[in-house]
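Heads up, the thing below is written out as structure tokens.
Number of protein chains: 2
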Amino acid sequence: MEIKVVKHILEANEVIASQNRKLFEEKGIYVANLMGSPGAGKTTLLEKTIEKLKETKSIAVIEGDIETSRDAERIAAHAIPTVQINTGGACHLDGNMVRGGLEGFDLDQIDLLIVENVGNLVCPAEFEIGENDKAMIISVTEGDDKPEKYPLMFQVSSVLLLNKIDLLPYLDFDMERFQGEAFKVNPRLKIMNISCKTGEGLDNWFRWIEERTSKKGS
Amino acid sequence: MEIKVVKHILEANEVIASQNRKLFEEKGIYVANLMGSPGAGKTTLLEKTIEKLKETKSIAVIEGDIETSRDAERIAAHAIPTVQINTGGACHLDGNMVRGGLEGFDLDQIDLLIVENVGNLVCPAEFEIGENDKAMIISVTEGDDKPEKYPLMFQVSSVLLLNKIDLLPYLDFDMERFQGEAFKVNPRLKIMNISCKTGEGLDNWFRWIEERTSKKGS
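So the sequences go chain by chain: A and B.
For what it's worth, our numbering labels the leading residue of the first sequence as 1068, then goes sequentially.
For what it's worth, our numbering labels the leading residue of the second sequence as 1068, then goes sequentially.
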């Protein structure tokens, strides 16, 4: 019975997510859904991405958090249109929440919309929001055994950012094991090793997202 | 409408959790529900705890994971009765799953049952399983701003284990901020700074859980 309820919610969400997707398509907006555990580095990656791309792309951000508007304040400080969604307990964003958030923007002025989901390696992966790509970020401190233990997010993501590689010397992290598991779960996954702290590897990510944004733009 | 559905599920869960709690009470078993994000160090803490206490207490473990039986294999290697629950996608354990898991044990032979929940800083905090205490573990690599962003788990936990303090020299982690926020969210929270890697601070935790287990035992 519980399964039926969840299925019902997921199907209702699919409808709204499709409407969002159609709207983004019409407006020529590329949308990335950025997901990962609390503390993986989502907001810091966003800040770096905005600093790099804001001269050439019109960027907007939706911040999803259970509580507080701290992340939106961090993003808004970069002079980017930002909407904070507080889920008030819910563990993920869904299509309807994102649709509500869109009312805060002039969609004709946006090339790239990045949606930072609630920090959670599980639930956000189940809910479409109308995005073009799901991007996940995980830090090396979370351990090399996570792809097979939390497979869904690895399966649905187009790109995986492996963050905090500056900490590798102080950890027992088996890179070969991690990548092997990740590819086993999702053979099409694009993995980028990065450090938001030192900047290492970020150019790959900037190029990847800029290219996809340009294809959508008119 | 969605809220009603969730409420219904939560109420049904409360009933089963109460039945579990009554059973644990009858059998004199102390039960801790160990929660935290993926990679926070739950399984490693469990291994250290078992090694320390298994001579004086009869310990059993329920491992909750979405997929794989890796954590249960790690625990069973310590010659402790272990049950693996694979939720097959669900982001938390609930009372019913734990009740099913109990069938794998001889409850008359257990003093201390530790339930390692699914790795997730959000959802497990919402579902009672019949435990005496909720214990949360978070690592310093997850950032000092988490208590106010993910308040529920901090609110419902009796004890907070702040792990990986051996990595503090390589991070920008403001201990005062973290503790201030944690106490603001839950003034009764007992915070222990630990490193499962170096063993620092673990004696506090061992004493805490041993004491609570002894009180329950007949």
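No residue lacks a Cβ here, since even glycine has one placed at the ideal position from N, Cα and C.
Rounded to the nearest angstrom, the Cβ distance from residue 1160 of chain B to residue 1152 of chain B is 6 Å, consistent with a contact under 8 Å. Look at the region 1220 to 1264 of chain B and you find these whole runs of beta strand (DSSP E), each 3 residues long or longer: 1226 to 1230, 1257 to 1260. Look at residue 1248 of chain A: its C-beta is not under 8 Å from any C-beta on chain B. Neighbours of residue 1218 of chain A in chain B, taken as residues at a C-beta separation under 8 Å, are given in chain order as 1133, 1134. At least one C-beta of chain A is nearer than 8 Å to the C-beta of residue 1187 of chain B. At a cut-off of 8 Å between C-beta atoms, residue 1209 of chain B counts as an interface residue with respect to chain A.
Within its own chain, the residues whose Cβ lies closer than 6 Å to the Cβ of residue 1136 of chain B, once the five positions on either side in sequence are excluded, are 1151, listed in chain order. For residue 1116 of chain B, the enclosing alpha helix (DSSP H) has its first and last residue at 1109 to 1120. Under DSSP, residue 1099 of chain B takes part in a beta bridge, and its partners are B/1181, B/1200. Distances from the CA of residue 1158 of chain B to each of B/1182, B/1187, B/1174, B/1145 were compared; the closest alpha carbon is that of B/1187. Within chain A, not a single residue places a beta-carbon under 9 Å from that of residue 1085 of chain B; the smallest gap is close to 19 Å.
By the criterion of a C-beta distance shorter than 6 Å, residue 1257 of chain A is surrounded in its chain by 1226, once the five residues flanking it on both sides are discounted. The C-alpha of residue 1197 of chain A is placed about 8 Å away from the C-alpha of residue 1089 of chain A.
Against chain A, the CB of residue 1183 of chain B has no partner CB under 8 Å away; the residue lies outside that interface. Its Cα nearest to that of residue 1105 of chain B, the residue A/1205 stands out among A/1091, A/1205, A/1173.
As summarised for the region 1128 to 1185 of chain A, the continuous beta strand (DSSP E) elements at least 3 residues long and confined to that stretch are 1149 to 1153, 1179 to 1183, given in chain order. Within chain B, no residue has its CB atom less than 8 Å from the CB of residue 1200 of chain A, the nearest being about 22 Å off. If you check each beta-carbon in the region 1089 to 1111 of chain A against every beta-carbon of chain B, the ones closer than 7 Å belong to 1104, 1105, 1106.
Under the Cβ distance rule, residue 1158 of chain A counts among the residues neighbouring chain B, one pair being separated by less than 8 Å.
The Cβ of residue 1212 of chain A sits closer than 8 Å to at least one Cβ of chain B. Using a C-beta cut-off of 8 Å, the region 1112 to 1119 of chain A makes no contact with the region 1213 to 1229 of chain B, since fewer than three inter-stretch Cβ pairs fall below that distance.
Note on residue 1208 of chain A: 16 or more other CB atoms within 10 angstroms of its CB, so buried under the neighbour-count rule. Here the region 1094 to 1108 of chain A lies against the region 1173 to 1188 of chain A, with 3 or more beta-carbon pairs under 8 Å apart. Residue 1239 of chain B counts as exposed, since fewer than 16 other C-beta atoms from the protein chains shown sit within 10 angstroms of its C-beta.
Cβ-Cβ distances below 8 Å link residue 1275 of chain B to 1226, 1257, 1259 in the same chain, with the five nearest sequence neighbours on each side left out; the list follows chain order. Put simply, the backbone Cα of residue 1199 of chain B is about 18 Å away from that of residue 1190 of chain B.
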